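Notes follow the structure.
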Amino acid sequence: MTLHTSRDGAAVGTAPGPQIVPSPALRGRVTMQQVAAEAGVSISTVSKVINGRYGVSSETVDHVTRVIERLGYEASLVARSLRNRRTNVVGVLVMDFEPFSTEVLKGVADAIHGSGYELIAYSAGGHVEAQVGWERRSLSRLMGSLVDGAVLVTPTVTDVQTDGPVVAVDPHTGPSGLPSVAADNLQGARLAVEHLLALGHTRVGMITGRSDLASAQQREQGYREALATAGLPVDETLMPSGGFEPELARTAARQLLSLPTPPTAIFAANDLSALATLEVARELGFDVPGRLSVVGFDNIPESAMAEPPLTTVQQQIRRMGQEATEMLLALIAGEETTGPHRTLDTSVVVRASTAPPQP
4 MTLHTSRDGA AVGTAPGPQI VPSPALRGRV TMQQVAAEAG VSISTVSKVI NGRYGVSSET
64 VDHVTRVIER LGYEASLVAR SLRNRRTNVV GVLVMDFEPF STEVLKGVAD AIHGSGYELI
124 AYSAGGHVEA QVGWERRSLS RLMGSLVDGA VLVTPTVTDV QTDGPVVAVD PHTGPSGLPS
184 VAADNLQGAR LAVEHLLALG HTRVGMITGR SDLASAQQRE QGYREALATA GLPVDETLMP
244 SGGFEPELAR TAARQLLSLP TPPTAIFAAN DLSALATLEV ARELGFDVPG RLSVVGFDNI
304 PESAMAEPPL TTVQQQIRRM GQEATEMLLA LIAGEETTGP HRTLDTSVVV RASTAPPQP
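Residue numbers for the sequence shown follow our numbering, beginning at 4 and rising by one.
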């Protein structure tokens with residue numbers, strides 16, 4: 004799936020005045036030949052006007068420009084790149100459009116506002132587990148002819164060869180050769196577990212993420228370190244994997260809540276897993292937060308609308324997209340950036356899904 008937006012996201016209109024309805028032949032994508040026919044000039048004259056070349060009177064330029072605006076002619080990105088080796092378009096490449104990547108996309112849109120660049124969002128359209136290496140295939144389709152540079156969202160690999168600059172957001176393997184922006188996952192997990200410990204919970208479970216991802220590994224490490232600092236042992240039976248996937252998380256939550264002595268609190272490695280945990284708790288008759296406290300990680304918009312609203316770790320997802328795009332635009336312009344890897348702070352957003360354990 005590909006989404007293409009204008010630079011400012013606004014619809015393009017015309018000033019009030021006489022309106023000419025294009026003939027059926029002009030419906031659909033308008034061509035340069037159609038502009039020439041409508042304006043009563045040659046194709047070469049239209050080309051000169053579009054490319055700002057000499058040899059056309061100002062009256063003709065004004066006339067052809069009005070026709071172009073009226074018909075909605077737009078040179079193709081490929082033609083534009085062949086003409087000046089720039090498309091003035093940046094790409095955002097994701098495996099799928101889900102809450103995390105959608106928030107990143109909003110940050111990218113923030114960054115390009117007023118920059119003169121347009122945006123293409125491209126989805127590889129599948130689950131990461133079956134699509135390792137999707138970045139190479141996607142970049143080969145877009146880079147050079149369609150986009151001047153790209154933001155890769157949670158790429159599975161970063162050893163990519165491209166014809167332009169690339170910046171990674173939350174790469175699966177952690178910092179690499181590519182410039183990147185990520186959240187402080189270790190700090191966030193520690194804060195989440197410390198919040199539960201401060202409420203008085205001592206039997207805290209964790210629904211972990213995907214073991215092959217750096218972010219999941221760091222969140223698990225933060226969980227372990229917070230327990231160790233509090234002098235509590237790590238019970239491996241309280242750490243089932245949810246794989247960052249709601250269905251797997253439901254199975255993991257059911258496993259934890261079916262134990263003879265279930266945990267009084269669960270830290271889930273992402274919000275989707277935490278929301279799945281709330282569903283399972285409701286099905287099994289566990290009052291939240293009376294009998295079970297739940298904490299997520301991400302602070303996606305859905306977390307605030309949960310029942311009860313979810314306590315979670317906020318990583319600045321939208322800002323990650325914005326900073327990655329600012330880095331990308333600087334690289335496209337040949338400017339130096341302040342450090343190849345940026346790590347943004349995380350914090351706990353306390354809502355109604357956590358409370359002290361019942362006696």
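Built from N, CA and C at the ideal position, the CB exists for glycine as well.
Since the model is a prediction, treat every value here as computed from it, not as a measurement.
- The alpha-carbon of Ala272 is positioned some 27 Å away from that of Pro362.
- Beta-carbon to beta-carbon, Leu334 and Pro168 are separated by about 4 Å, close enough to satisfy the 8 Å threshold.
- Asp274 is not a Cβ neighbour of Ile320, given a cutoff of 8 Å.
- For the stretch 225 to 269, the full-length alpha helix (DSSP H) segments reaching 4 residues or more read 249 to 260 along the chain.
- Pairwise C-beta distances place the stretch 209 to 218 in contact with the stretch 169 to 187, as three or more of them are shorter than 8 Å.
- Contact annotation: Val97 and Val150 have beta-carbon atoms that are not nearer than 8 Å.
- Distances from the CA of Arg322 to each of Thr165, Ala42, Thr63, Ser183 were compared; the closest alpha carbon is that of Ser183.
- If you draw a 10 Å sphere on the C-beta of Ser276, you find 16 or more other C-beta atoms in it, and that means buried.
- In this structure, Asp348 lies away from Asp113, with their beta-carbon atoms at least 8 Å apart.
- Under the three-state reduction of DSSP, Glu286 is assigned to helix.
- Note on Ile210: 16 or more other CB atoms within 10 angstroms of its CB, so buried under the neighbour-count rule.
- Rounded to the nearest whole angstrom, the CA to CA distance from Ile115 to Glu121 is 7 Å.
- Each residue's CA atom was taken as its position, placing Gly203 and Pro360 some 7 Å apart.
- Along the length of the stretch 266 to 338, whole alpha helix (DSSP H) runs at least 4 residues long occupy 274 to 286, 304 to 307, 320 to 335, reported in chain order.
- By the criterion of a C-beta distance shorter than 8 Å, Val93 is surrounded in its chain by Val111, Ile115, Tyr120, Glu121, Leu122, Ile123, Val150, Asp151, Gly152, Ala153, Val154, Thr328, Leu331, Leu332, Ile335, once the five residues flanking it on both sides are discounted.
- Annotation for Ser183: no alpha helix (DSSP H) segment contains it, though the beta strand (DSSP E) segment containing it runs 183 to 186.
- Sorting Tyr76, Val44, Arg73 by C-alpha distance to the C-alpha of Thr63 places Val44 at the top.
- Residue nearest to Thr357 within the set His344, Val316, Ser47 is Val316 (criterion: CA-CA distance).
- Its Cα nearest to that of Gly208, the residue Asp238 stands out among Asp238, Thr48, Thr34.
- DSSP places Val156 outside any alpha helix (DSSP H); the residue lies instead in the beta strand (DSSP E), whose first and last residues are 152 to 156.
- Residue state for Met209 is assigned as strand, using DSSP reduced to three classes.
- Under the 10 Å beta carbon count, Gly245 is surrounded by 16 or more other beta carbons and is classified as buried.
- Judged by beta-carbon spacing, Ala231 lies beyond the 8 Å limit of Leu200, meaning their Cβ atoms are not closer than that value.
- Cβ neighbours of Pro292 within its own chain (closer than 8 Å, five residues either side excluded): Pro311, Ala355, Ser356, Thr357, Ala358.
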